[in-house]
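Peer 1: One structure is given below, represented as structure tokens, and several questions about it will come after.
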Amino acid sequence: MAERRPVSLTHRYRWTDGPDTWLHMRAFPVEDGLAIFFRDVTAERSGEERVAEALRLLQTFTDAVPGVVYAKDRQGRMLVANRGCCEVIGKPLEAIVGKTDIEYLNDRAQGEAVMATDERIMASGVAEQVEEEVWLADGTPALWLSVKAPLFDAEGQVAGLIGSSVDITARRRAEAALNELNRTLEQRVADAVAQRE
Numbered sequence: 512m513a514e515r516r517p518v519s520l521t522h523r524y525r526w527t528d529g530p531d532t533w534l535h536m537r538a539f540p541v542e543d544g545l546a547i548f549f550r551d552v553t554a555e556r557s558g559e560e561r562v563a564e565a566l567r568l569l570q571t572f573t574d575a576v577p578g579v580v581y582a583k584d585r586q587g588r589m590l591v592a593n594r595g596c597c598e599v600i601g602k603p604l605e606a607i608v609g610k611t612d613i614e615y616l617n618d619r620a621q622g623e624a625v626m627a628t629d630e631r632i633m634a635s636g637v638a639e640q641v642e643e644e645v646w647l648a649d650g651t652p653a654l655w656l657s658v659k660a661p662l663f664d665a666e667g668q669v670a671g672l673i674g675s676s677v678d679i680t681a682r683r684r685a686e687a688a689l690n691e692l693n694r695t696l697e698q699r700v701a702d703a704v705a706q707r708e
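In structure tokens:
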């Protein structure tokens, strides 16, 4: 009243004999005092709390999954990322959620390549398995095997993308070493045969 300005707030009222009630109050200064309006927003708050709880459960679940797990919106902004994703990128969850690969990856070209792949998958509406190069936070080159699929909304429209990735760098190096060993052995056998002839 002293400042003669409107006030708006939402408060939870706890009752001893019933469920809590959330009321939204708006107060306006009038000539002789205040005009106060109340609106019961319990149902809205309950819905918001259920969504928040579902998101907490989803985050707990994704954090428990090994490797890298994520979900992005149609514009490529990160919606959900697990602990593995944060470790690979080297940034906390708060620095990743709501941002695109271009914004949070240290190498812009890698971010653009990932986003182009994601856009292709969302546009096609078909899941894919792809290999992507995304370096670790310390700059170590890394190759990832990713399974990505469109995320559909209730109307069946593509609303984003979900995916999981595993680091296959060591596996690819082992395969390359094995291939090189096979080539060397084949050459030695060929040389040995040629010498006998």
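Heads up, the sequence shown is in the numbering used here, so the first residue is 512 and it goes up one at a time.
Where is the CB? At the ideal position from N, CA and C, for every residue including glycine.
The structure presented is a predicted model; accordingly, all values stated were derived computationally and were not measured.
1. Would you mind sorting methionine 589 into buried or exposed? The rule is 16 or more other CB atoms within 10 Å of its CB.
2. With 16 as the cutoff for other CB atoms within 10 Å, does leucine 622 come out buried or exposed?
3. Closest by CA to phenylalanine 539, which one among Pro661, Leu520 and Arg561?
4. I'd like to know if arginine 515 contacts chain B, where contact means its C-beta is closer than 7 Å to some C-beta of that chain.
5. Can you tell me which residues form a DSSP beta bridge with leucine 520?
6. For aspartate 678 and alanine 653, which I take to be in contact (beta-carbon distance under 8 Å), what is that distance rounded to the nearest angstrom?
7. Which residues in the same chain have their Cβ closer than 6 Å to the Cβ of methionine 633, if we skip the five residues on either side of it in sequence?
8. Please list the terminal residues of the continuous alpha helix (DSSP H) segment that includes glycine 636.
9. Report the rounded CA-to-CA distance for threonine 532 versus glutamate 643, giving the unit in angstroms.
10. Quick check on the DSSP output: what are the complete alpha helix (DSSP H) runs of length 4 or more inside the segment 633 to 678, in order along the chain?
11. How would you label isoleucine 607, buried or exposed, when you count the other beta carbons within 10 angstroms and need 16 or more for buried?
12. Name, in chain order, the residues that DSSP records as bridge partners for phenylalanine 548.
13. Note the first and the last residue of the continuous beta strand (DSSP E) segment covering alanine 722.
14. Are histidine 535 and arginine 523 close, meaning C-beta to C-beta below 7 Å?
Peer 2: The answer reads as follows:
1. Taking a 10 Å sphere around the C-beta of methionine 589, we find 16 or more other C-beta atoms and assign the residue as buried.
2. Checking the sequence shown, residue 622 turns out to be glycine, not leucine. A residue is called buried once 16 or more other Cβ atoms fall within 10 Å of its Cβ, and glycine 622 is buried on that count.
3. Nearest neighbour of phenylalanine 539 by Cα position, chosen from Pro661, Leu520 and Arg561, turns out to be Leu520.
4. Here there is only one protein chain, and chain B is not present.
5. DSSP output for leucine 520 lists Met536 as bridge partner(s).
6. About 6 Å separates the two Cβ atoms, so the contact holds.
7. Closer than 6 Å at Cβ, skipping near neighbours: Pro661, Val669 and Leu672.
8. For glycine 636, there is no enclosing alpha helix (DSSP H), as DSSP gives it neither H nor E.
9. Spanning the alpha carbons of threonine 532 and glutamate 643 requires a straight line of approximately 50 Å.
10. If only uninterrupted alpha helix (DSSP H) runs of at least 4 residues are considered, none is enclosed by the segment 633 to 678.
11. Counting Cβ neighbours within 10 Å, isoleucine 607 comes out buried, since at least 16 surround it.
12. Residue pairing from DSSP places phenylalanine 548 in a beta bridge opposite Arg537.
13. Nothing can be reported for residue 722, as the shown portion of the chain is limited to 512 through 708.
14. No; because the gap between Cβ atoms is not below 7 Å, this pair is not in contact.
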